[in-house]
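K.L.:
Got a structure here, written out as C-alpha cells. Questions coming.
Residue numbers (the working numbering), protein chains in the order written: chain E, 285 to 601; chain A, 49 to 309.
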C-alpha cells in the first residue's frame, strides 16, 4: 500500500487559521466573524492583519449567522466560525432560513467537532452536525482530515459560490497530506489502492484508516483507502468504482451513524450497487468527558475498530 | 390577494401600508432594476415576513415585477411565496423571512457591508412588535449599538397585537422605545403611524439622525387591520382571509383600492 508520513502533529483548526491568514492577504472580500472563540479558532493573524474585516459578535451565534447572511449582500464572503455545536445545532433555523434557503454565500467554519474535543464533554461534542448540515438543500459539507488539507479547503471554499459547512477539530493529529495541495470540493482522494475491501473515511478517521490498512496488509488483506473529505456533494463515482472492485466497504467518521457519511455512502450503494457495509461511527449516543484517545477507544472510532470492522465485512462478501 | 387564495395575513399588512408606501415612494433612494448586492442604493429587509401581501403590493407598484403577478400570491409555482424568499428570484427580495426574529441581524450585516464598500446609502428594516419576543433581536440590538451601526434604521410595527392576543397579555413588551434607548440606540416614536404624512415626516426625521454613531430605531404606533373596521382593534385578522362578503365590505371602506390584488 501507499505509505504516508506524519510531518508532525498539528490541529486541523490551526489549518483553518492558516487558511484564513492566506485569504486575508489574497481576497479582499473575505470577512471573518467569531462568537467569543477567536483563540480556539486560531484566527488571530487574520484579525491582526485585517481588523476592519473582522466582526466580534460576542456570545451570540444566532446574530452571527444573520449578520453573515447580510454581509453577502454587498459582495462580502463571510467566514462565520465557532465550535461545531454552536455553529450548527444551536442556530439551525438561522442557517436554514437566512443562509441556505436564501442562498447566501456564507462559510460556516466549525471547530471542536466530534468526540475529540475531549474533556469538555457531551455538551460541546456534537456528533450530529454532518447530518444537520447535509440535509439542508444547497449546503456543501466538508470534513478535511489534517492541517494541510484544512488549510487548502479553507482557501478553496472562498472560491465556491454558495453556503458551505467546513468541519474540523481541536486535537493535534497526524499531518500527512501534501503542503500547499489544491483542494477540489466533491472530489474524493484515493490514498491507497487495494483489492479486498474499501475503507471510506472522513476527518480524523482518515489517518486511523491508513493505520488500519497497514495492519491489515500485514495480515494479507489489501484495503483501499479513500479520503472522502466532501460529504456533500458526495463523490458517487469514486465509491462505486472502488466497491465494484473490492465488493465490500467500511465507512469511518467521528459522527453518529445516523445522518453521517456512512448513511450517504449506503444510499449510493443501495441505489446503484448493493454492497455489504460496516459503519465506524458513534451508535446514536452522546459523548462524555475524557482524553481524545480514551474517547475514540471507548466509542470505537480508532484504527483497531476499523480493522475489526474490515474483518467483519469481509465475512459478509 | 389574501381573499383570492383564502390564506395570508391581512391585519399586519393593512397596518403597515402607509409605512411601506412612504418608504418605497418617498424615502428610499433606489436604482433602476434590481440586483442582489444593492450597492449604491438604500436597501430594505422585511423581518416580519408574514406581511408579504403589502410588501409584494408595494414592490409591484414600484416596478419590481408586473402588477398582474400579484394574482399568483401563494399559488403553486409562484414567485410570490406565502412568506418572501429569494429562492424563486423575485426582484426586490434580498432575504427569506417568515421564521421571526432574524431580519435585524441580516440588516446589520448588510449595513456593515455598506460601510466596507464605502457606500453611504442606508439599510432599513421592519419588525413586528410581537417578533421582538425572539431573543435573537436582542443580540442584534446589542451588537448594532456596540458597533456603531449608524447606517441602519430599524422600524418596529407597534400594533400591540400578535396571534394569541394583545402583546401585553401574551408576553409584555413594555416600553419598546425605552428598551432600544437603554441598549444605546437613537429612538424616535411616530404617533398615528397610519397617517401617510406623519409617516413620511417620521421616516425623514429617522433618516436625518443616521451617521451619528448610533443605530436608529423608529417605533410606529399603528393599527392592525387599519382601514377596515371589523379588522381593527383585534388580533383576529393576523392570519385569516376575509370571506366574499367581508371582502366587499372592506373594499367599500377603501375606495382608493386599485382592484382586487
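Backbone N, C-alpha and C fix where the C-beta goes; we use that ideal spot for every residue, glycine too.
#1: Give the C-beta separation of residue 438(E) and residue 304(E) to the nearest angstrom, bearing in mind that I take them to be a contact with Cβ-Cβ under 8 angstroms.
#2: Would residue 496(E) and residue 515(E) be called neighbours here (beta carbons separated by less than 8 angstroms)?
#3: What residue range is occupied by the uninterrupted beta strand (DSSP E) comprising residue 475(E)?
#4: Does the segment 382 to 399 of chain E touch the segment 412 to 423 of chain E, meaning 3 or more C-beta pairs lie closer than 8 angstroms?
#5: Does the distance from the CB of residue 94(A) to the CB of residue 145(A) come in under 8 angstroms?
#6: Chain E partners of residue 202(A), CB-CB under 7 angstroms?
#7: Just by C-beta distance, which residues in the segment 360 to 375 of chain E are closer than 7 angstroms to chain A?
#8: Please confirm whether residue 304(E) has its beta-carbon closer than 8 angstroms to some beta-carbon of chain A.
#9: What does residue 347(E) touch in chain A if you count any residue whose Cβ is under 7 angstroms from its own?
#10: So, does the segment 239 to 248 of chain A touch the segment 563 to 579 of chain E, judging by three or more C-beta pairs under 8 angstroms?
#11: Who are the near neighbours of residue 467(E) in its chain, counting only those whose CB is closer than 6 angstroms to its CB and skipping five residues on each side?
#12: Short of 7 angstroms in beta carbon distance, which residues of its chain neighbour residue 312(E), apart from the five on each side in sequence? Order them along the chain.
#13: Taking just the CA atoms, how far does residue 184(A) sit from residue 231(A)?
#14: Since residue 76(A) meets chain E, which of its residues come closer than 7 angstroms, beta carbon to beta carbon?
#15: Taking any Cβ of chain A, which residues in the segment 301 to 328 of chain E have a Cβ under 8 angstroms from it, in chain order?
#16: Three or more beta-carbon pairs under 8 angstroms between the segment 352 to 363 of chain E and the segment 150 to 167 of chain A, yes or no?
#17: Determine the chain A residues that contact residue 341(E) at a beta-carbon separation under 8 angstroms, and present them in chain order.
#18: Name the DSSP bridge partner or partners of residue 340(E)?
#19: Between which residues of its own chain and residue 51(A) is the CB-CB distance below 6 angstroms, once the five residues before and five after are set aside?
#20: In chain E, which residues lie with their C-beta within 7 angstroms of the C-beta of residue 150(A)?
#21: Would residue 165(A) pass as an interface residue toward chain E - the criterion being a Cβ-Cβ separation below 8 angstroms?
#22: Using CA coordinates, which residue listed in 323(E), 320(E) and 362(E) is at the minimum distance from residue 337(E)?
#23: Going along the chain, which residues of its own chain have a beta-carbon closer than 6 angstroms to the beta-carbon of residue 115(A), five neighbours each way excluded?
#24: Mind checking which residues open and close the alpha helix (DSSP H) that includes residue 561(E)?
#25: With DSSP collapsed to three states, give me the class of residue 242(A).
#26: From the DSSP secondary-structure annotation, give me the bridge partner or partners of residue 508(E).
#27: Are the C-beta atoms of residue 487(E) and some chain A residue less than 8 angstroms apart?
#28: Whole angstroms are fine: how far does the CA of residue 105(A) sit from the CA of residue 129(A)?
P.N.:
Reading it off the structure:
#1: 6 angstroms
#2: no
#3: Secondary structure note for residue 475(E): its beta strand (DSSP E) is the uninterrupted segment 473 to 476.
#4: yes
#5: yes
#6: Going along chain E, no residue has its Cβ under 7 angstroms from residue 202(A), so there is no contact; the nearest lies around 13 angstroms.
#7: 360
#8: no
#9: 153, 184, 187, 188 and 191
#10: As far as the Cβ criterion goes, the segment 239 to 248 of chain A does not touch the segment 563 to 579 of chain E, which means the pair count is below three.
#11: 436, 437 and 440
#12: none
#13: Rounded to the nearest whole angstrom, the CA to CA distance from residue 231(A) to residue 184(A) is 14 angstroms.
#14: Correct list: empty, because the minimum Cβ distance to chain E is about 15 angstroms.
#15: 315
#16: yes
#17: 187 and 191
#18: 318(E)
#19: Its chain contains 289, 290 and 295 as the residues whose beta carbon lies nearer than 6 angstroms to that of residue 51(A), once the 5 sequence neighbours on both sides are disregarded; these appear in chain order.
#20: 350, 378, 381 and 382
#21: yes
#22: 362(E)
#23: Within the same chain, and ignoring the five residues on either side of residue 115(A) in sequence, the residues whose Cβ sits closer than 6 angstroms to its Cβ are 108.
#24: Careful: residue 561(E) lies outside any alpha helix (DSSP H), inside the beta strand (DSSP E) at 561 to 566.
#25: coil
#26: 482(E)
#27: no
#28: 13 angstroms
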